[in-house]
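Below: one structure, written as structure tokens.
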Amino acid sequence: MTIRAALLVLLSVQGMLTAQTTRPNIVFIMTDDHARRAVSAYDTTLIHTPHIDRIGHEGIIFRNAFVTNSICGPSRAVMLTGKYSHINGFRDNRSRFDGSQQTFPKILRQNGYYTAMIGKWHLVTEPTGFDYWNVLIDQGEYYNPNMIEMGDTSRHEGYSTNIITDLAIETLEKRRPRGQPFCIFVHQKAPHRNWMPDTAHFGLFNDRDIPMPASFFDDYEGRSRAAREQDMKIEDMWLGYDLKLFLQNPADETGTGGKKTTDKPLRIEPDLNRLNQAQRNAWDAYYRPISDAFYREKPQGTALSKWKYQRYIKDYLRCIASVDDNVGRLLTYLEQKGLLDNTIVVYTSDQGFFLGEHGWYDKRFMYEPSLTMPLLIRFPPKIAPGTESKALALNLDFAPTLLEVAGITPPADMQGKSLIPLFQNGKTKGWRKSMYYHYYEYPYGWHYVKKHYGVRTNRYKLIHFYNDSDEWELYDLKKDGAEMHNVYGQRKYRRVVKKLKREIERLQSEFKDNSLAEKP
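The numbering used here puts the sequence shown at residues 67 to 586.
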């Protein structure tokens with residue numbers, strides 16, 4: 067080879083490397099059960115989350131981001147595939163994810179991206195499509211969790227939210243090939259039940275009571291059987307497992323906790339047995355006085371309900387405080403390494419969560435607290451700081467969006483839409499005017515929320531509960547944002563109902579949802 071030819075080859079290789087390094091990186095941060103109003107970019111009533119907020123303030127905040135099936139595993143399967151639950155096969159948490167199917171991490175990897183999955187996976191089968199993965203087992207533990215790294219299981223000492231971030235930074239620092247664009251998923255367990263905070267945050271919120279939602283003592287008048295017969299009331303939480311009491315007698319454990327009272331109570335002891343001595347000492351020092359005061363004062367009635375709410379919500383928010391701390395750590399790392407401005411950073415949750423609205427915790431329902439999810443995206447090449455969008459965005463849209471960001475045309479069989487047209491000013495012509503929802507997990511599993519499907523537009527929401535019931539609910543979100551008044555059947559809404567039922571049929575046809583014709 068001549069010197070001239072060698073130089074041409076060298077320049078060609080350098081050009082390829084430059085092209086590789088300028089392709090945007092992807093950092094996808096997802097928490098579990100993070101309610102939108104527990105992000106201060108949306109609502110400052112509950113908590114201040116400066117690092118999560120930063121992503122939105124320096125990028126775009128989506129005000130109407132929704133999940134298509136509000137439950138952990140199914141939402142994750144939708145995110146990975148860009149397809150509804152009835153298409154990707156993961157309808158409820160009894161399912162097993164088919165790892166052989168198309169996912170957007172696989173497509174990124176095939177197109178030269180280094181891909182990594184760290185943290186909560188919760189899809190039963192092992193991750194596929196990743197150069198590196200290190201995931202929690204099932205739901206995972208808050209303290210000293212066991213994790214599976216590329217097939218090998220080991221125990222990690224510390225608090226899970228910190229550990230997952232440590233592993234993510236370690237992967238970016240030591241494992242990813244330099245000069246190759248990367249996509250890393252940082253999936254936190256927090257703030258999933260049973261809300262065990264880091265010892266560093268035990269005292270947070272001790273100086274104030276958290277405001278209770280106006281609908282906390284909802285009597286469900288005018289609503290369907292589904293609203294009345296669920297099993298997810300804060301009033302019914304387990305005293306030990308959920309509310310951290312030191313039971314004076316194991317028989318004192320009362321509640322339903324998401325299972326009917328005929329089931330065995332959930333126990334916190336296996337979780338506490340994972341704590342090391344320093345962690346256990348801190349736990350006992352904080353929660354023992356709370357427990358002693360409870361048994362001394364013995365609150366009853368409304369006072370007991372209020373006490374349970376404060377116990378629940380403060381631990382939930384403390385878990386989020388750790389998440390926010392670790393988002394800050396990750397952003398700082400990217401910034402220090404000069405990676406931040408060529409990286410699209412996404413912050414979201416696998417679904418929303420009830421924080422006392424209607425007296426509930428958990429998710430599953432198509433009601434707003436469960437349906438909505440936080441969605442904040444930072445990407446300076448495409449998004450100006452301070453951008454907001456009220457367009458209807460879905461977890462179905464993540465796959466096509468991130469593929470398109472990487473310069474890859476999304477496969478035609480993906481059912482979501484790229485959010486990129488919304489990056490400029492939050493809106494674009496021809497965007498969706500409605501979204502379709504379908505929840506399947508009944509009567510199996512937890513919380514006994516009946517099967518239902520529905521449609522949401524900018525103003526209205528129509529829900530059909532089916533299987534062992536046949537009831538409809540309609541909400542005028544402009545007049546009744548808290549969804550307290552079911553107006554289905556009222557004469558003045560007949561035209562609205564007729565139009566929305568046609569829209570449901572159109573969406574079911576468009577998304578090929580024939581599951582209602584299947585045997586239950």
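All C-beta atoms, glycine included, are put in the ideal place defined by N, C-alpha and C.
Source: prediction; values computed, not measured.
In chain order, P446 place their CB closer than 6 Å to the CB of D407, counting only its own chain and leaving out the 5 sequence neighbours on each side. Excluding five sequence positions before and after N159, the CB atoms of its chain that fall closer than 7 Å to its own CB belong to I137, C138, G139, E507 and G511, given in chain order. In the displayed model, D264 falls within coil according to three-state DSSP, outside both helix and strand.
Membership of E539 in the beta strand (DSSP E) is indicated by the continuous run E537 to D542. For M216, the CB contacts under 8 Å within the same chain, skipping 5 residues up- and downstream, are Y198, W199 and N200 in chain order.
The closest CA to that of F431, considering only K374, A472, H504 and L400, is found on H504. In its chain, beyond the 5 residues on either side, E295, Q296, D297 and Y508 have a beta carbon closer than 7 Å to the beta carbon of Y514.
By the Cβ criterion, the segment 214 to 231 is not in contact with the segment 308 to 315, since fewer than three pairs of Cβ atoms, one from each stretch, lie closer than 8 Å.
Residues A101, R103, A104, L112, P279, I379, Y382, Y427 and P435 of the same chain have their beta carbon placed closer than 8 Å to that of L421, with the five preceding and five following residues left out of the count. Less than 8 Å separates the beta-carbon of D264 from that of S388.
Non-local beta-carbon contacts of L458 in its own chain, meaning distances under 6 Å to residues more than five positions away in sequence, involve N130, R498 and M501 in chain order.
Non-local beta-carbon contacts of F196 in its own chain, meaning distances under 7 Å to residues more than five positions away in sequence, involve P171, T181, A182 and M183 in chain order. For the pair E539 and S290, the CB atoms are nearer than the 8 Å cut-off. In the structure shown, the three-state DSSP call for E215 is strand. In this structure, A478 is the residue among A478, L332 and S535 with its C-alpha nearest to the C-alpha of Q168. Contact between the segment 461 to 471 and the segment 143 to 161 is established, with three or more Cβ pairs separated by less than 8 Å. Note: A182 is bridge-paired with Y198 and I250 in the DSSP secondary-structure output. Around the Cβ of R221, a 10 Å sphere holds fewer than 16 other Cβ atoms; the residue is exposed. Three or more Cβ pairs closer than 8 Å define a contact, and the segment 241 to 259 falls short of that threshold against the segment 335 to 344. Listed in chain order, the alpha helix (DSSP H) runs fully inside the segment 80 to 165 are 116 to 123, 138 to 147 and 151 to 154, counting runs of at least 4 residues. With a minimum length of 4 residues, the unbroken runs of alpha helix (DSSP H) contained wholly in the segment 443 to 498 fall at 464 to 471. Per the coordinates, the alpha-carbon of R568 lies some 16 Å from the alpha-carbon of L582. Between F163 and V190, the gap from beta carbon to beta carbon is short of 8 Å.
In the three-state reduction of the DSSP assignment, K565 falls in the helix class. Take I474, set aside five residues on each side of it, and the residues of its chain with a beta-carbon closer than 8 Å to its own are I173, L174 and N177, in chain order. Judged by beta-carbon spacing, T438 lies beyond the 8 Å limit of P257, meaning their Cβ atoms are not closer than that value.
Bounds of any beta strand (DSSP E) do not take in L309, whose DSSP letter is neither H nor E. Counting every other CB atom within 10 Å of its CB across the protein chains shown gives S151 a total of 16 or more, marking it as buried. Around the beta carbon of N392, a 10 Å sphere encloses 16 or more other beta carbons of the protein chains shown; the residue is thus reported as buried. Residues of the same chain with a CB within less than 7 Å of the CB of P211, apart from the 5 flanking positions on each side, are L202, H222, S226 and I229 in chain order. Closest by C-alpha distance to V411, out of G425, L441, K564 and A344, is L441.
Counting along the chain, no alpha helix (DSSP H) covers R525, and no H or E run does either.
Taking the Cα positions, D416 is about 11 Å away from K186. Residues W304, L305, G306, L313 and P331 of the same chain have their beta carbon placed closer than 7 Å to that of E319, with the five preceding and five following residues left out of the count. Relative to E192, the option among R242, M213 and L309 whose CA is nearest is M213. Here P90 is buried. Its C-beta has 16 or more other C-beta atoms within 10 Å.
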